[in-house]
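For reference, the structure discussed in these notes is given below.
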Amino acid sequence: MAHIRRNRIRFSGNSDNDIISNLPAEILLEILDKLPTEDAMTTAILSPKWRNLWKILPRIELSDNMQKEREKRVVGMVNKFIKHYEGNKMKSFHVSLKYNTRKRKTYQSWIAFAATKNVEELHLDFHSDHRRAPPGLPPSFELPHNILNCASLVRLHLESVGLILLPAINLESLKELELVNSQLSDDATKVITKNCPKLESLVLRNCNKRRNLKITVAPQSNLSKLTIIEGYLLLSSNEISVNAPKVTKLNFLSGMWRSKYLIENVPAVTEARLSFDDMQFKVTKGIFYGEGTEKKLDGLLENFQQAKVLHLCSKAITSMINPGKEFTSTQYFVSDVKYLTVRDMTNRRNLLFNCHRLSLDTGMQRRELPGIAFLLKACPRLETLVIVITKGQSEFRFADDLAANGIFVGGKYWKTKHNAFKSCLQRLAAVEFVNLWGTYQTWDARKFDPKKFFRACQDGYDLLIFLMENSPSFERFIFTTSKKQEEFPKLLFL
């Protein structure tokens, strides 16, 4: 075997052995572009060939990492980068640091600079300075006019920025916009969607925490995807309304902390994801205080009956609950389908969906089973079902008289449902079970054991058998874990 001599890589201006520095400038730029900006700027000391390369990098990405001592350093490095920049165009300008009102003009100069370099992606994240502004309110920051009319801008992310001068916005190339912890006027989304003709995706995360959030998409807009995310908010009397007639994909993730939720006009939605995992209900002195929240959800699902793809954290169907019922628990958090199980015993609504693909997050607890059954009946055109088995779902504790009802007795639940599903599931062809946290995450080829996959989840295995026996068009199962995904034909389980 021939011996291969390995040259020692040295960074020296006059060394023939400086292998990396002898590479073409284009390759060196690719190397620098993969480094953090702060590290890329320090390569100037390596050799004369490296000295000015960082000055033409197409992107800058600097963050204080939420550390106060880094704030001054980040400001200095951004100023240095801008002062020495020699490139003609920037792909990305990404800065994250705590907002300081005394440096407002400095921030504006940064954004104006990015606009003059025909930036394609601008990501600006300010952490609110609570010493100068009330907690939870973003700083009032006036964006430079040239960035509001930047023809090259394709992606814009603004975090903790109170927007001003929105009527002047005219971003002809913008495709993606994300606003986080921002204050928006009632007409803000209408102005944005009207004056950004190529906008395809709008994300609103924790906006207008202390006031109504009105989301109106302009009729002439091409916006196809709308995402609304609201994490923990204090219970408030304000509301949210959505009017998006042409949006085809809607993601709504919320703790339902506002007093009212109005999904007024979404007729074109073909794919919807509804998740209310953070929704809280309380029981004090045996009285259930869930009626107010139930009213928020009442009628919500009806807006998505035309959708072909649904991803439901089953709290989305809490409008099925019978409010005002007495319980004995002191406080609990509930998971999706469990509310439906209560309504299942009363006057459950007869909802029907055009859904072809249904994805359901569920702990597969026995009290959830009637809710899952309801969803299967409500989707007569269902072709693909995805069951995502979630971890650590909190127990929903019913009063003893409710718990004693037979529908909450597991083990044989699906075996008692055959007659009720004779005309259902006629089109169901594929079922995927996703379990990312169980102990059975991988297996040898052709040695898959479904009972191990559903270990500690017997009702999941029973559901598998039930679906196979009650779906005349059924073809295959798919099993997904954190390490493996494999597809099996129906015949394997006969």
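The opening residue of the sequence shown carries number 1214 in this note's numbering; numbering runs sequentially from there. C-beta atoms are modelled at their ideal positions from N, C-alpha and C, and glycine is treated no differently. Fair warning: this is a prediction, and the values are worked out from it, not measured in the lab.
Per DSSP, cross-strand counterpart(s) of residue i
i: GLN1698; result: THR1693
i: LEU1771; result: It is not possible to answer for residue 1771, since the shown part of the chain is limited to 1214 through 1707.
i: ASP1574; result: CYS1526 and VAL1601
i: PHE1587; result: For PHE1587, which the question treats as bridged, DSSP gives no partner whatsoever.
i: LYS1473; result: GLU1452
i: ILE1382; result: Per DSSP, none; premise fails for ILE1382.
i: ALA1485; result: LEU1463 and LEU1523
i: GLU1274; result: HIS1307
i: LEU1266; result: Partner(s): none; LEU1266 has no beta bridge.
i: ASN1478; result: ASN1456
i: VAL1647; result: VAL1601 and THR1693
i: MET1393; result: Per the sequence presented here, residue 1393 reads as Val, with Met not at that position. DSSP, once it has assigned bridges, lists GLU1372 and ARG1418 as partnering VAL1393.
Closest residue to residue i among the options (Cα-Cα distance)
i: GLN1519; options: LYS1528, PHE1489 and ALA1485; result: ALA1485
i: ILE1232; options: SER1260, THR1255 and GLU1251; result: SER1260
i: LYS1304; options: LEU1589, LEU1275, VAL1332 and ASN1394; result: VAL1332
i: VAL1601; options: ILE1691, ARG1594, MET1469 and ARG1272; result: ILE1691
i: PRO1685; options: ALA1642, LEU1390 and ARG1659; result: ALA1642
i: CYS1363; options: LEU1417, GLU1385, ARG1570 and HIS1370; result: GLU1385
i: ASN1157; options: LEU1705, ARG1570, HIS1569 and GLY1584; result: As displayed, the chain neither begins before 1214 nor continues past 1707, which places residue 1157 out of reach and without an answer.
i: GLN1578; options: LYS1604, THR1693 and TRP1650; result: LYS1604
i: LEU1705; options: THR1694, SER1695, ARG1689 and THR1693; result: ARG1689
i: ASN1651; options: ASN1683, THR1693 and LYS1411; result: One point to set straight first is that residue 1651 is Gly, not Asn, in the sequence displayed. Residue THR1693 is the option with its Cα nearest to GLY1651.
i: THR1597; options: HIS1569, LEU1582, LEU1412 and GLU1682; result: HIS1569
i: SER1695; options: THR1655, TRP1627, ASN1313 and LYS1630; result: THR1655
i: LEU1366; options: LYS1330, THR1406, LEU1392 and LYS1462; result: LYS1330
i: LEU1387; options: GLU1334, LEU1426 and SER1437; result: GLU1334
i: GLN1433; options: LEU1270, LEU1638 and CYS1409; result: CYS1409
i: LEU1412; options: ALA1431, ASP1400 and SER1398; result: ALA1431
i: VAL1460; options: THR1483, THR1250, GLU1581 and SER1467; result: THR1483
i: LEU1415; options: LEU1638, GLN1396 and LEU1436; result: LEU1436
i: ARG1368; options: SER1309, LEU1439 and GLU1389; result: GLU1389
i: ASN1292; options: LYS1311, ASP1399 and TRP1323; result: TRP1323
i: LYS1311; options: GLU1284, ILE1269 and PRO1249; result: GLU1284
i: GLY1673; options: GLU1682, PHE1646 and PHE1687; result: PHE1646
i: ARG1317; options: GLU1282, LEU1466 and PHE1354; result: PHE1354
i: GLU1682; options: LEU1649, ASN1394, CYS1637 and GLN1671; result: CYS1637
i: ARG1424; options: GLN1396, ARG1418 and ASN1648; result: GLN1396
i: LEU1595; options: ALA1401, ASN1421, THR1440 and PHE1687; result: PHE1687
i: ALA1481; options: LEU1649, MET1469, LYS1521 and THR1440; result: LYS1521
i: LEU1371; options: THR1319, GLU1391, VAL1288 and ASP1400; result: GLU1391
Counted within 10 angstroms of its Cβ, other Cβ atoms place residue i as buried (16 or more) or exposed
i: LEU1565; result: exposed
i: ASN1632; result: exposed
i: SER1607; result: Only weak support is given to the placement of SER1607: the predicted model assigns it a pLDDT of 39, under 50, and the value that follows is read from those uncertain coordinates. Burial call: exposed.
i: LYS1697; result: exposed
i: GLU1700; result: exposed
i: ASP1657; result: exposed
i: SER1548; result: A caution first: SER1548 carries a pLDDT of 36, below 50, which makes its placement in the model too unreliable to give a value.
i: PRO1590; result: Note that residue 1590 is Lys in the sequence shown, not Pro. The residue is buried, with at least 16 neighbouring Cβ atoms inside 10 Å.
i: SER1528; result: The question names Ser, but residue 1528 in the sequence shown is Lys. By the 10 Å Cβ count, LYS1528 comes out buried.
i: ILE1678; result: exposed
i: SER1373; result: buried
i: LYS1403; result: buried
i: ALA1327; result: buried
i: LYS1660; result: exposed
i: ASP1675; result: buried
i: ASP1252; result: exposed
i: MET1533; result: Only weak support is given to the placement of MET1533: the predicted model assigns it a pLDDT of 46, under 50, and the question is left unresolved by the model.
i: GLN1280; result: exposed
i: LEU1680; result: buried
i: LEU1337; result: buried
i: GLU1477; result: exposed
i: THR1314; result: exposed
i: LYS1630; result: buried
i: PRO1702; result: exposed
i: ASN1516; result: buried
i: LYS1247; result: exposed
i: LYS1635; result: exposed
i: THR1427; result: In the sequence under discussion, the amino acid at residue 1427 is Lys, which differs from the Thr named in the question. Buried: at least 16 other Cβ atoms inside 10 Å.
> Pairing CB atoms from the stretch 1295-1303 with CB atoms from the stretch 1354-1363, are three or more of them under 8 Å?
Replying inline: Three or more beta-carbon pairs separated by less than 8 Å are not found between the stretch 1295-1303 and the stretch 1354-1363, which leaves the two stretches without contact.
> Quick one: any contact between the stretch 1448-1459 and the stretch 1467-1474, if contact means 3 or more CB pairs under 8 Å?
Replying inline: Yes: the two stretches touch, three or more of their Cβ pairs being nearer than 8 Å.
> Taking three-plus beta-carbon pairs below 8 Å as touching, is the stretch 1658-1666 in contact with the stretch 1570-1586?
Replying inline: Of all C-beta pairs linking the stretch 1658-1666 to the stretch 1570-1586, fewer than three are shorter than 8 Å, placing the two stretches out of contact.
> Whole beta strand (DSSP E) runs in the stretch 1396-1466 with 3 or more residues, listed along the chain?
Replying inline: As far as the stretch 1396-1466 is concerned, its whole beta strand (DSSP E) runs of at least 3 residues are 1414-1418, 1426-1429, 1438-1443 and 1452-1456.
>> Does the structure place the stretch 1275-1284 close enough to the stretch 1238-1247 that three or more beta carbon pairs sit under 8 Å?
In response: With the cut-off at 8 Å, the stretch 1238-1247 and the stretch 1275-1284 do not touch.
> What runs of the alpha helix (DSSP H), each 4 residues or longer, lie entirely inside the stretch 1237-1263?
Replying inline: The stretch 1237-1263 contains these whole alpha helix (DSSP H) runs: 1238-1246 and 1250-1255.
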